[in-house]
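Report on one structure; see the data block that follows.
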Amino acid sequence: MNIFNFEFKRLFKGNIIWALVCSVLIVMFMLFFPSMKEMGMQELVGSKLESLPEAFLEAFNISGATDFSNISDFSAYVLQYIVMAGGIYAAILGVSSLAKEESEGTIEFLYSKPVTRSRIVTAKILANAFILFIFIIIVFIITIISTIIVKPDDVKFVSVITDINKIYLGMALISYVFMTIGFLISVFVKSAKKATSIALGIFFASYILGIFSKLQDRLSGFIYLSPFDYAAPSNVIKNGFEEKYIIIGLGIMIISLAGTYIIYNKKDYNI
Numbered sequence: 092m093n094i095f096n097f098e099f100k101r102l103f104k105g106n107i108i109w110a111l112v113c114s115v116l117i118v119m120f121m122l123f124f125p126s127m128k129e130m131g132m133q134e135l136v137g138s139k140l141e142s143l144p145e146a147f148l149e150a151f152n153i154s155g156a157t158d159f160s161n162i163s164d165f166s167a168y169v170l171q172y173i174v175m176a177g178g179i180y181a182a183i184l185g186v187s188s189l190a191k192e193e194s195e196g197t198i199e200f201l202y203s204k205p206v207t208r209s210r211i212v213t214a215k216i217l218a219n220a221f222i223l224f225i226f227i228i229i230v231f232i233i234t235i236i237s238t239i240i241v242k243p244d245d246v247k248f249v250s251v252i253t254d255i256n257k258i259y260l261g262m263a264l265i266s267y268v269f270m271t272i273g274f275l276i277s278v279f280v281k282s283a284k285k286a287t288s289i290a291l292g293i294f295f296a297s298y299i300l301g302i303f304s305k306l307q308d309r310l311s312g313f314i315y316l317s318p319f320d321y322a323a324p325s326n327v328i329k330n331g332f333e334e335k336y337i338i339i340g341l342g343i344m345i346i347s348l349a350g351t352y353i354i355y356n357k358k359d360y361n362i
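Just remember that the numbering used here sits 91 ahead of the position in the sequence shown, which is counted from 1.
Now the structure itself:
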């Protein structure tokens with residue numbers, strides 16, 4: 092029995108649905124860009140943003156220098172919601188991965204086969220990682236196509252592609268961090284039905300901590316508990332990737348996966 096193929100087939104339909112929904116949102120967002128070039132719309136958006144406290148804007152990854160008539164700034168802002176969706180989807184994949192076998196009763200079938208627990212975990216990690224990669228590639232391609240359609244003639248193609256590449260590399264880092272955290276939590280979850288609510292809780296709890304870190308200096312350390320802020324699109328576009336966040340992200344992935352193997356191999360199941 093090929094566990095990788097079984098897991099991949101089980102996840103593929105859901106993956107396509109997530110990719111299609113996000114692709115539709117991307118197209119809708121990007122088609123709205125030409126209207127941002129109109130002076131009236133610029134003034135309206137600008138006046139609304141100026142009425143908000145600077146700290147509040149920064150908490151939601153908007154700065155006073157953000158120009159929504161600039162396609163890179165606009166893309167960074169709207170694509171942050173796609174990055175958030177990617178993080179949530181990744182967390183759902185991770186949390187539901189190992190919980191499914193116990194809640195659906197297939198763990199007994201797996202254990203009847205000549206396969207180790209470590210091999211089960213490895214196959215599931217690879218299948219989920221590949222599914223997530225496909226999702227990122229699909230929405231990346233749709234973003235490229237949509238951006239080309241609405242790109243102003245005076246903006247260089249290479250410049251836009253470079254910025255989008257940065258956003259999606261950041262999305263990959265964020266998503267895989269959430270997926271591996273989900274895997275670790277999956278070891279303790281007995282019902283896959285709880286996966287979505289747990290994944291949403293993980294993502295938004297960390298996201299809110301990231302917001303708090305920007306509102307209060309004394310809470311600035313909370314940003315390290317917010318994977319989304321390791322590579323938030325607007326920050327990546329303006330400042331590039333910060334080495335410390337890449338190291339922390341990779342560290343979380345390694346620790347989460349190591350913990351998954353160790354705990355899963357020692358866990359007792361009711362078979």
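Backbone N, C-alpha and C define an ideal beta-carbon position, used for all residues, glycine too.
This one's a predicted model, so the numbers in the text were calculated from it and none came from an experiment.
Count the other C-beta atoms from every protein chain shown that fall within 10 angstroms of the C-beta of residue i, then say buried if there are 16 or more, exposed otherwise.
{"i": "F243", "result": "At residue 243 the sequence reads Pro, which differs from the Phe that was named. Looking at its Cβ environment, which holds fewer than 16 other Cβ atoms inside 10 Å, P243 is exposed."}
{"i": "A182", "result": "buried"}
{"i": "E98", "result": "buried"}
{"i": "Q171", "result": "buried"}
{"i": "K358", "result": "exposed"}
{"i": "T207", "result": "exposed"}
{"i": "F294", "result": "buried"}
{"i": "S347", "result": "buried"}
{"i": "N106", "result": "buried"}
{"i": "M119", "result": "exposed"}
{"i": "D158", "result": "exposed"}
{"i": "L104", "result": "The residue asked about is misnamed: residue 104 is Lys in this sequence, not Leu. K104 is exposed by the Cβ-count criterion."}
Report, in whole angstroms, the separation of the C-beta atoms of residue i and residue j, which I expect to be a contact under 8 Å.
{"i": "A167", "j": "I252", "result": "Not a contact, Cβ separation roughly 14 Å."}
{"i": "I289", "j": "A110", "result": "Incorrect: roughly 22 Å between the Cβ atoms, too far for contact."}
On a CA-only basis, which of the options is nearest residue i? Give me that one, please.
{"i": "I94", "options": "A263, N219, S114", "result": "N219"}
{"i": "A323", "options": "S160, F103, D164", "result": "D164"}
{"i": "I345", "options": "I236, I272, I179, I232", "result": "I272"}
{"i": "D245", "options": "S160, F226, F103", "result": "S160"}
{"i": "S317", "options": "G292, N330, G331", "result": "G292"}
{"i": "M270", "options": "I222, N356, T238, S237", "result": "I222"}
{"i": "S187", "options": "F226, L102, K247", "result": "L102"}
{"i": "N330", "options": "I339, I225, D320", "result": "D320"}
{"i": "L116", "options": "T234, A296, I225", "result": "T234"}
{"i": "L264", "options": "L184, S126, K191, F332", "result": "F332"}
{"i": "L275", "options": "A349, M127, I179, M121", "result": "A349"}
By Cβ distance, which residues of its chain are closer than 6 Å to residue i, with the 5 residues on each side in sequence left out?
{"i": "C113", "result": "I173, A176, V230"}
{"i": "G261", "result": "A322, V327"}
Counting only the same chain and skipping the five closest in sequence on each side, list residues whose C-beta sits under 7 Å from that of residue i.
{"i": "Y352", "result": "S209, V212"}
{"i": "V278", "result": "L189, T351, I354, Y355, K358"}
Query raised in the report: Which runs of the beta strand (DSSP E), 3 residues or longer, sit entirely within the region 291–345?
Result: none
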